[in-house]
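There are 2 protein chains.
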Amino acid sequence: MSAGYWMAGKTSETATFELFVRRLPPNRDFLVVCGLSQAIEYLTGLKFLDREIAYLKGLPQFEKAPSAFWDYLAGFRFTGDVSAVPEGTVMFAGEPLLTLRAPLIEAQIPETYLLATIGFQTVIASKAARILKAAAGRDVVEFGCRRAHAPEAGCLAGRAAFLAGCVGTSNVAAGMQFAVPVFGTAAHSWVLSFENEAEAFRRLQDLLGERTVQLIDTYDTVEGARQAAAMGQPLWGVRLDSGDLLGLSREVRRILDEAGMTAVKIMATNDLDETTIAALVEQGAPIDVFGVGTSLATSFDAPALSAVYKLVELEAGGQTRYASKHSEGKRTLPGAKQVFRFADRDVVGLQTEALPAGAERLLKQVIVGGEAIVDEKNIRRIQEYARQQIADYGKPGRQVELSASLSALAASH
Amino acid sequence: MSAGYWMAGKTSETATFELFVRRLPPNRDFLVVCGLSQAIEYLTGLKFLDREIAYLKGLPQFEKAPSAFWDYLAGFRFTGDVSAVPEGTVMFAGEPLLTLRAPLIEAQIPETYLLATIGFQTVIASKAARILKAAAGRDVVEFGCRRAHAPEAGCLAGRAAFLAGCVGTSNVAAGMQFAVPVFGTAAHSWVLSFENEAEAFRRLQDLLGERTVQLIDTYDTVEGARQAAAMGQPLWGVRLDSGDLLGLSREVRRILDEAGMTAVKIMATNDLDETTIAALVEQGAPIDVFGVGTSLATSFDAPALSAVYKLVELEAGGQTRYASKHSEGKRTLPGAKQVFRFADRDVVGLQTEALPAGAERLLKQVIVGGEAIVDEKNIRRIQEYARQQIADYGKPGRQVELSASLSALAASH
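Laid out in structure tokens, this is it:
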């Protein structure tokens with residue numbers, strides 16, 4: 001498309017695109033937006049390497065692309081403007097999460113990356129919010145890297161889960177890259193590699209001291225709990241990873257308490273999701289921490305959002321043309337937009353509209369003329385913002401309206 | 414765990430781990446194994462950078478790790494042996510896809526990466542096989558990068574989908590990195606960016622010539638088809654992306670045929686999966702190519718496999734100890750294994766067993782002493798092997814048995 005725009009002489013036109021989610025999945029009441037920081041890094045660092053251009057040149061699709069186009073790509077930089085909602089913002093279907101205004105080619109090229117990085121992290125953060133709600137105040141740790149969609153996804157899932165309120169991740173790369181707190185426990189192979197459970201437990205204590213979490217179900221959970229109690233301190237907790245977590249957690253709690261280890265925590269894992277966690281919490285299972293893997297790191301019940309990136313305005317020769325597609329069931333609304341948030345509802349309007357009384361603008365400038373002016377890297381600050389957003393707006397059925405100006409523009413296109 | 418093994422003096426023990434899938438998801442009859450090439454690259458290049466070691470050293474979990482352990486990590490290389498089934502092999506639940514024998518720490522460290530890279534690509538290749546079966550010989554192109562779980566997953570999904578039999582991907586990075594054929598069509602923004610559909614279509618022909626695929630549903634599919642027919646050649650095909658694909662494809666076919674464009678193809682997209690494709694094929698929709706995005710690149714109905722990596726043997730002081738966990742519902746079988754494939758069934762046995770008459774060994778050595786001895790990079794060769802595997806073994810209900818030796822070993826542990 002970029003080569004075609006170049007050949008069609010569309011290099012001086014300025015396009016505005018917006019990124020939004022068409023519909024929420026059946027089991028989601030809201031989105032927790034995430035991934036903006038990666039989007040900003042991508043846009044401000046975007047360029048084409050010589051070997052990339054050489055590969056593209058060799059594709060049959062580009063046989064007719066003129067050499068001036070390759071010179072253009074070699075010097076390509078993103079010079080546009082981006083507005084976006086801060087990471088951690090609670091948003092709803094149809095609301096733009098990001099708008100991008102740039103020369104047409106610069107605006108087109110980032111489409112796939114922006115959708116993949118913001119779409120994916122928003123999928124995970126939104127799933128994490130559901131799981132955290134089910135956990136009702138108990139800690140949740142993201143444990144899913146091994147089931148994530150390749151290593152990068154595992155790392156970004158650890159970040160997104162933390163931003164939405166998890167206490168940390170088992171993914172050390174996410175810890176290193178994003179300063180997410182890392183947690184972990186030994187695996188069954190640890191226990192199996194020692195002659196017996198007692199030795200495995202003692203050796204873990206040697207390394208981890210008061211951070212020790214003993215995995216007690218390798219042979220028999222109840223016996224494992226007795227063994228962990230017999231080994232005594234230092235011990236932060238024990239982990240259950242199989243069987244009837246409700247019954248076993250009660251029995252293990254009793255064994256620990258009878259040994260005077262009332263402060264020792266119980267962590268549970270084993271293909272947990274918001275449904276199983278809610279049931280355990282409701283039944284009063286004495287579980288202090290949930291480690292959630294597959295269901296969280298893949299958003300198993302809804303692994304993708306209907307996120308799209310659509311052209312809404314095109315400026316050429318001093319004139320603005322509004323764009324909207326009319327495809328059946330997939331109609332889009334024209335015009336560069338803003339979301340006005342009131343206490344009780346959101347109004348999607350035009351960027352040019354005055355701020356209505358009692359509302360705030362959710363989309364804020366983050367890149368101006370290709371330069372990042374905001375890129376929040378303090379993940380604890382984002383997490384606190386997300387916590388407040390979820391508390392205030394993370395409820396089903398929030399009303400999202402169109403402003404009168406936007407409705408009028410849509411009706412005329 | 415590695416630091417703990419080091420502190421426990423377990424540096425001269427040799428471990429054998431195996432990677433397998435516990436259960437097939439409800440909608441999968443078999444797996445198409447994929448991801449080995451990335452696993453080999455990872456293992457043969459694995460090392461710890463200074464900044465990585467510095468990060469780990471700073472974690473509270475490692476307060477008690479001795480400085481000799483950090484020296485060990487700084488010089489860490491993978492020196493072990495790996496056997497695996499070739500990429501494209503059709504496999505079933507409970508069968509080892511890969512076995513790894515190495516000093517215990519070297520065998521433990523790759524667990525997460527191996528599961529994430531082999532697990533994910535196997536998820537996608539197995540989903541692709543289902544979609545291709547539904548397409549019943551019609552071409553399928555992988556179109557899902559924008560909904561994939563971050564960019565790396567999009568790229569690897571393009572690779573895995575091709576290996577399982579798709580004709581290509583829209584992901585240019587997968588094309589460049591893995592030589593997967595790349596396909597693409599213009600987006601609605603292309604059409605919207607021009608004054609009218611006719612100009613948009615003509616400009617695409619200017620660039621793509623006989624490779625042109627016109628997206629005809631931006632305003633009205635039937636009008637779009639008439640417009641594409643009026644523009645004439647060069648034209649490879651048209652794409653439908655909304656509405657009733659059965660009815661529209663018939664109407665569009667009629668319009669093209671009446672214009673004498675019987676060779677012009679019809680491509681369909683729009684949240685397709687194996688169910689919608691099977692219905693279209695069964696009803697005789699004149700669709701030549703399916704572009705499949707979200708459902709393929711995320712394996713939407715089953716986005717993860719129960720892939721695990723388990724310790725099965727430990728050699729220390731000249732003695733071999735067999736390992737198996739007994740956790741409820743998650744029991745594992747001890748011993749380094751081999752899969753013997755007969756025409757009518759698979760037998761999971763021990764690596765030490767003689768090859769039974771009429772069987773072949775599925776696990777083959779790929780890394781010896783830390784050096785890759787096999788790393789098939791010719792993706793067309795892998796695709797052809799996968800095609801044959803799916804034709805021969807890609808059916809439900811294949812019998813997987815345990816050999817007498819393995820059963821006896823399991824009974825005694």
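Taken in order, these protein sequences are the chains called A and B.
Under the numbering used here, the first residue of the first sequence carries the number 1, and numbering increases by one thereafter.
Under the numbering used here, the first residue of the second sequence carries the number 414, and numbering increases by one thereafter.
Using N, Cα and C, we set each Cβ at its ideal position, and we do this for glycine too.
Out of L296(A), S83(A) and D375(A), the CA that lies nearest to the CA of R101(A) is found in S83(A). In this structure the region 715-735 of chain B touches the region 438-449 of chain B; the number of beta carbon pairs closer than 8 Å is three or more.
The beta carbon of K477(B) is closer than 7 Å to none in its chain, skipping five residues each way along the sequence. Rounded to whole angstroms, the Cβ separation of K777(B) and Q764(B) is 12 Å, and the two are not in contact under 8 Å.
Relative to R341(A), the option among Y393(A), A297(A), R321(A) and W6(A) whose CA is nearest is Y393(A). Excluding the 5 residues flanking it on each side, A785(B) has same chain C-beta neighbours closer than 7 Å at I453, T457 and V779, in chain order. Uninterrupted beta strand (DSSP E) stretches at least 3 residues long and entirely within the region 641-724 of chain B occur at 650-653, 678-681 and 702-705, given in chain order.
Counting along the chain, the unbroken beta strand (DSSP E) around G762(B) starts and ends at R758 to L763.
For T530(B), the nearest CB of chain A lies under 8 Å from its own CB, placing it at the interface with that chain. Interface residue (Cβ-Cβ distance to chain B less than 8 Å): W190(A) is classified as such. Fully contained in the region 89-166 of chain A are the following beta strand (DSSP E) runs of length 3 or more, in chain order: 98-103 and 139-142. Less than 8 Å divides the Cβ of M680(B) from the Cβ of V626(B). Using a Cβ-Cβ cut-off of 8 Å, H326(A) is close to T631, Y632 and D633 of chain B, given in chain order. The beta-carbon distance between A520(B) and A577(B), rounded to whole angstroms, is 29 Å. This is too long to meet the 8 Å contact definition. With contacts defined by Cβ atoms closer than 8 Å, E313(A) and A134(A) do not form a contacting pair.
At a C-beta separation below 9 Å, V595(B) has these neighbours in chain A: L59 and Q61. For the beta strand (DSSP E) assignment, the uninterrupted runs of no fewer than 3 residues enclosed by the region 184-218 of chain A are, from N- to C-terminal side, 213-215. One finds Y5, K10, E13, A15, L104, L311, L314 and A323 in chain A with Cβ atoms closer than 8 Å to the Cβ of S606(B), taken in chain order. Proximity of F713(B) to chain A, defined by a Cβ-Cβ separation below 8 Å, is satisfied.
Take the alpha-carbon of R490(B) and the one of M91(A): they are about 46 Å apart. For D484(B), the enclosing alpha helix (DSSP H) starts and ends at S480 to A487.
When secondary structure is reduced to three states using DSSP, G581(B) falls in the strand class. Taking a C-beta cut-off of 7 Å against chain A, the contacting residues of the region 552-565 of chain B are C558, R559, R560, A561, H562, A563, P564 and E565, listed in chain order.
Residues V281 of the same chain have their beta carbon placed closer than 6 Å to that of A136(A), with the five preceding and five following residues left out of the count. DSSP links S496(B) through a beta bridge to T512(B) and Q778(B). Listed along chain B are S740, E741, G742 and K743, each with a C-beta nearer than 8 Å to that of S242(A). For the pair of segments examined, the region 186-195 of chain A was found not to touch the region 400-408 of chain A: the number of CB pairs separated by less than 8 Å stays below three. V813(B) sits in a strand when the DSSP states are folded into three classes. With a 10 Å radius around the Cβ and a threshold of 16 neighbouring Cβ atoms, V781(B) comes out exposed. Assigned with DSSP and collapsed to three states, F443(B) falls in coil, not helix or strand. N584(B) counts as buried, since at least 16 other C-beta atoms from the protein chains shown sit within 10 angstroms of its C-beta. About 12 Å separates the beta carbon of L192(A) from that of D217(A), a gap too long to meet the 8 Å contact definition.
By the Cβ criterion, the region 555-566 of chain B is not in contact with the region 465-474 of chain B, since fewer than three pairs of Cβ atoms, one from each stretch, lie closer than 8 Å.
The CB of Q108(A) comes closer than 9 Å to the CB of A600, S602, W603 and S606 in chain B, given here in chain order. The distance from the Cβ of F533(B) to that of L511(B) is about 14 Å, inconsistent with a contact at the 8 Å cut-off.
Residue-level contact check: D619(B) touches chain A, since one or more beta carbons of chain A fall below 8 Å from its beta carbon.
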